[in-house]
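Undergrad: Numbering (the working numbering), first residue to last: 1098 to 1373. The following block contains the structure, expressed as structure tokens.
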């Protein structure tokens, strides 16, 4: 795998990642991480909320892959917002992952304490403890509000994105400000497997529906982070760099957008209601 994208600060990030939400117990997590790294994934995405940071740290160590060759991301959960709590959450994640630097730290969901939490991120970044900082599930309003107090703009916005929820306006905004979009739930929790167009395209390109969806992300400049605990599916998901969707087929997939989320918004966020 030799395809990367470049963040606003010049740091490179692999153009596909491995998602780890609900991977399972520690043993399963360790095995999944080792398998993903063996196959060729070099971007591992986790979060304090997932409860698997220790397993991921162990999996990385047992994989034999050099730490500097891995791009590792984690997130601060909603109950750890605010300057001091965010610092503490970061330190706890570092302890659990058993690492001495982090590649990317994200605010998991927006809350009313975004600016205070972000100030902690900026300080950690300027101290060299994190190579890049960003946000997750931020809408345009959240980013505009953050812009008023931020010294450093987010380098990443990780959001739910798939053909049926393509978030075009938000993606265009992020592109204009050179904020790299990372897409979670890129295969729509398997629901894309039932979409006739995706079936037709899979047959046309002799690829799986998941591979068609992930290739769509890649060609849109979005980094997908598919999740699987099965090595066979992990292998299929990363095997998307040997074909290209036509512009016409990209447009057909774009037209599947119906603003349909497949996730719920957790409580104590300002995702649905802004209070500026």
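Positions of the beta carbon are idealized from the N, C-alpha and C atoms, including for glycine. Remember, it's a predicted structure, so these values are computed and weren't measured experimentally.
1) Which residues bound the alpha helix (DSSP H) around residue 1257?
2) Would residue 1269 be called buried (16 or more neighbouring beta carbons within 10 Å of its own) or exposed?
3) Check the DSSP bridge columns for residue 1170 and list the partner residues they point to.
4) Would you call the CB atoms of residue 1120 and residue 1149 closer than 7 Å?
5) How far does the alpha helix (DSSP H) with residue 1308 in it reach, from first residue to last?
6) Near residue 1354, what residues of its chain come up, given a Cβ to Cβ distance below 8 Å and the 5 sequence neighbours on each side ignored?
7) Could you check which residue in 1362, 1101 and 1104 has the C-alpha nearest to that of residue 1234?
8) Around the C-beta of residue 1115, are 16 or more other C-beta atoms found within 10 angstroms, so that it is buried, or is it exposed?
9) Which whole-angstrom value describes the C-beta separation of residue 1145 and residue 1182, a residue pair presumed to lie in contact below a C-beta threshold of 8 Å?
10) Counting C-beta neighbours from all protein chains within 10 Å, is the total for residue 1207 16 or more, i.e. buried, or is it exposed?
11) Please confirm whether residue 1170 and residue 1134 have their CB atoms less than 7 Å apart.
12) Given this structure, state the Cα-to-Cα distance separating residue 1324 from residue 1191, to the nearest angstrom.
13) Provide the residue(s) that pair with residue 1319 in DSSP beta bridges, ordered along the chain.
14) Give me the residue from 1213, 1205 and 1246 with the minimum Cα distance to residue 1236.
15) Spatial neighbours of residue 1316 within its chain, please: C-beta separation below 8 Å, excluding the five flanking residues on both sides.
16) Does the stretch 1289–1300 come within contact of the stretch 1322–1338, defined as at least 3 CB pairs closer than 8 Å?
17) DSSP beta-bridge partners for residue 1180?
TA: Let's see:
1) Per DSSP, residue 1257 belongs to no alpha helix (DSSP H); it is in the beta strand (DSSP E), 1253–1257.
2) exposed
3) 1142 and 1201
4) yes
5) 1306–1316
6) Non-local beta-carbon contacts of residue 1354 in its own chain, meaning distances under 8 Å to residues more than five positions away in sequence, involve 1260, 1261, 1262, 1263 and 1265 in chain order.
7) 1362
8) buried
9) 11 Å between Cβ atoms; not a contact.
10) The C-beta of residue 1207 has 16 or more other C-beta atoms within 10 Å across all chains shown, which makes the residue buried.
11) no
12) 22 Å
13) Looking at the DSSP assignment, residue 1319 forms no beta bridge with any residue, so it has no partner.
14) 1205
15) Counting only Cβ-Cβ distances below 8 Å, and skipping sequence neighbours, we find 1341, 1342 and 1347.
16) no
17) According to DSSP, which records beta bridges pairwise, residue 1180 is partnered with nothing at all.
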